[in-house]
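Quick notes on the structure that follows.
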């Protein structure tokens, strides 16, 4: 299911009817809370990919650290975790590292609570991590140094819109961990192995592996597309025939 407007009631229904759920993506779902996510986490223990975009242009946060703790406590098969706009605590990161030992891909974006200390914890405790993405978080060079000393299986590090990062620490990491692909976005461009390449805004489509059960929920995207389509139709009707 894609672009479905869904709240806690829908997530609870999914938790009951889809116990083998493996992929769940929640995109700006302002009607979903910790209760709904906890219901899914406690029932869907085969969950391997979880994406949560809790950003709201109205400033509200619908899913918080309690929901993430529930995921960490129940979803030990998690391999990919993307968190956008969530308040992430040291406690939830610690439980994730302890229980989700197969976690290989982690992205933390738009979170004021992810700083150097949290990055140091990730470097020490997330030993299975292969790909790490940090976007718009208040980290500094100390975080890059910590990653260089930890995460023994890391093969790719992406840092975007983190103003506290300098090229000195990036170059040091590349020399220290030559097998790690490091890309750093600075002021709208990407420093990729020493070369500057202009970037457009990235829009990644989720890749769902075969033979999996997945749900993609969004509370605004379907309504937005429908509104744009109706506006285009009305505009076309107003134009005189050529």
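In the working numbering, the protein residues as written are 63 to 304.
No residue lacks a Cβ here, since even glycine has one placed at the ideal position from N, Cα and C.
Leaving out five residues before and five after residue i in sequence, what residues of the same chain have Cβ atoms less than 6 Å from its Cβ?
{"i": "residue 221", "result": "196, 227 and 246"}
{"i": "residue 112", "result": "86 and 143"}
{"i": "residue 23", "result": "Since the displayed the chain opens at 63 and closes at 304, residue 23 lies outside it and no answer follows."}
{"i": "residue 128", "result": "96"}
{"i": "residue 99", "result": "125 and 129"}
{"i": "residue 229", "result": "none"}
{"i": "residue 78", "result": "none"}
{"i": "residue 145", "result": "114 and 170"}
{"i": "residue 234", "result": "none"}
Return the residue from the list the options that minimises the CA-CA distance to residue i.
{"i": "residue 204", "options": "224, 139 and 193", "result": "224"}
{"i": "residue 139", "options": "182, 159 and 169", "result": "159"}
{"i": "residue 209", "options": "157, 76, 181 and 126", "result": "181"}
{"i": "residue 185", "options": "173, 148 and 156", "result": "156"}
{"i": "residue 154", "options": "67, 219, 71 and 183", "result": "183"}
{"i": "residue 167", "options": "177, 193, 70 and 152", "result": "193"}
{"i": "residue 187", "options": "213, 169 and 199", "result": "213"}
{"i": "residue 238", "options": "178, 211 and 219", "result": "211"}
{"i": "residue 137", "options": "152, 164 and 145", "result": "164"}
{"i": "residue 179", "options": "169, 198 and 152", "result": "152"}
Per the DSSP calculation, residue i is bridged to which residue(s)?
{"i": "residue 13", "result": "Residue 13 is absent from the structure shown; the chain starts at 63 and stops at 304."}
{"i": "residue 70", "result": "Residue 70 pairs with nothing; no bridge assigned."}
{"i": "residue 202", "result": "226"}
{"i": "residue 216", "result": "Residue 216 pairs with nothing; no bridge assigned."}
{"i": "residue 196", "result": "170 and 221"}
{"i": "residue 142", "result": "111 and 167"}
Cβ atoms of residue j and residue i: under 8 Å apart, would you say?
{"i": "residue 175", "j": "residue 201", "result": "no"}
{"i": "residue 231", "j": "residue 206", "result": "yes"}
{"i": "residue 162", "j": "residue 134", "result": "yes"}
{"i": "residue 101", "j": "residue 130", "result": "no"}
{"i": "residue 305", "j": "residue 110", "result": "For residue 305 there is no data in the structure shown, the boundaries of the chain being 63 and 304."}
Within its chain, find whatever has a CB closer than 8 Å to the CB of residue i; leave out the 5 residues flanking it on each side and keep chain order.
{"i": "residue 124", "result": "91, 92, 93, 94, 95, 116 and 118"}
{"i": "residue 241", "result": "217"}
{"i": "residue 289", "result": "Any reading at residue 289 must be qualified, since the residue scores a pLDDT of 47, below 50, and its modelled position is unreliable; the value itself is stated next. Hits under 8 Å: none found."}
{"i": "residue 70", "result": "93, 94, 95, 97, 98 and 101"}
{"i": "residue 132", "result": "96, 99, 100, 103 and 104"}
{"i": "residue 199", "result": "170, 171, 172, 173, 174, 176, 177 and 224"}
Just checking residue i against the ligand ATP - is the residue's beta carbon closer than 7 Å to any of the ligand's heavy atoms?
{"i": "residue 231", "result": "Ligands in the displayed structure: none, and consequently the ligand ATP is not present."}
Give me, in chain order, the residues of the same chain whose beta-carbon lies closer than 7 Å to that of residue i; leave out the 5 immediate sequence neighbours on both sides.
{"i": "residue 215", "result": "189, 190, 191 and 192"}
Taking Cβ positions only, does residue i come closer than 8 Å to chain B?
{"i": "residue 102", "result": "Of the chains in the structure shown, none is chain B; there is only one protein chain."}
Are the stretch 72-82 and the stretch 98-114 touching, with three or more C-beta to C-beta distances below 8 Å?
yes
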